[in-house]
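In what follows, a structure is listed as structure tokens, so that the remarks can point back to it.
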Amino acid sequence: MKTSVTLKAQAECVSHSRADIKVRDLSFAIDEPTARGGTNAGPTPTDTALAALIGCTNVIGHKCASAIGVDIGNLKIDASCEFDRRGVTLEQEIEVPFTSVKLTVLAGGSADQAALDRVAEETEKYCPLSKLFKAAGTHVEVHWRPL
63 MKTSVTLKAQ
73 AECVSHSRAD
83 IKVRDLSFAI
93 DEPTARGGTN
103 AGPTPTDTAL
113 AALIGCTNVI
123 GHKCASAIGV
133 DIGNLKIDAS
143 CEFDRRGVTL
153 EQEIEVPFTS
163 VKLTVLAGGS
173 ADQAALDRVA
183 EETEKYCPLS
193 KLFKAAGTHV
203 EVHWRPL
């Protein structure tokens, strides 16, 4: 297995707010809401970043659970993020625009809280999106609970 790969994406930016993205054989839009001059054809770039963290937590969480023999079943993940908009409004340069992110992960499997705590610990070690947010200075808080 390769230890390093090149990720690629292409975009046709059809307006000031909308980018039609192609990744592998998938296409999707990133756009702003109509209130901000977009067409609301997809999530905003910042919404996409938060959604990527959710997706990564799901994938890496399941890999970690499988590796340590824990049944987490299907997950329900709720996310909230404190976002400093001064940068995107061009009011002021902001070093840490995503000031904090909180995830609540509800696991539908048979794992008890102690097992979920182990999965959470392992997931934190390996989730690249969580590491990306933390390296940028974002306070990331993740709570795993049985459903």
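Just so you know, the numbering used here puts 70 at position 8 of the sequence shown, and the rest follows in order with no gaps.
Ideal Cβ placement from N, Cα and C applies to all residues, glycine included.
Here the segment 180–188 makes no contact with the segment 142–156; the two share fewer than three CB pairs at distances below 8 angstroms. When C-beta atoms of the segment 165–172 are compared with those of the segment 111–123, three or more pairs fall below 8 angstroms, so the two segments count as touching. For S89, there are no CB contacts under 6 angstroms within the same chain when 5 residues up- and downstream are skipped. For E157 and W206, the gap between their C-alpha atoms comes out near 29 angstroms. Approximately 3 angstroms separates the beta-carbon atoms of A91 and G104; this is inside 8 angstroms, confirming the contact.
Where E184 is concerned, the enclosing alpha helix (DSSP H) starts and stops at Q175 to Y188. For T68, no pairing in a beta bridge is given by DSSP. In the DSSP assignment, D82 falls within the unbroken beta strand (DSSP E) covering A81 to V85.
For V202, DSSP records a beta bridge to V163. Residue nearest to L137 within the set Q154, T106, K125 and I130 is K125 (criterion: CA-CA distance).
Judged by beta-carbon spacing, G100 lies within the 8 angstroms limit of R80, meaning their Cβ atoms are closer than that value.
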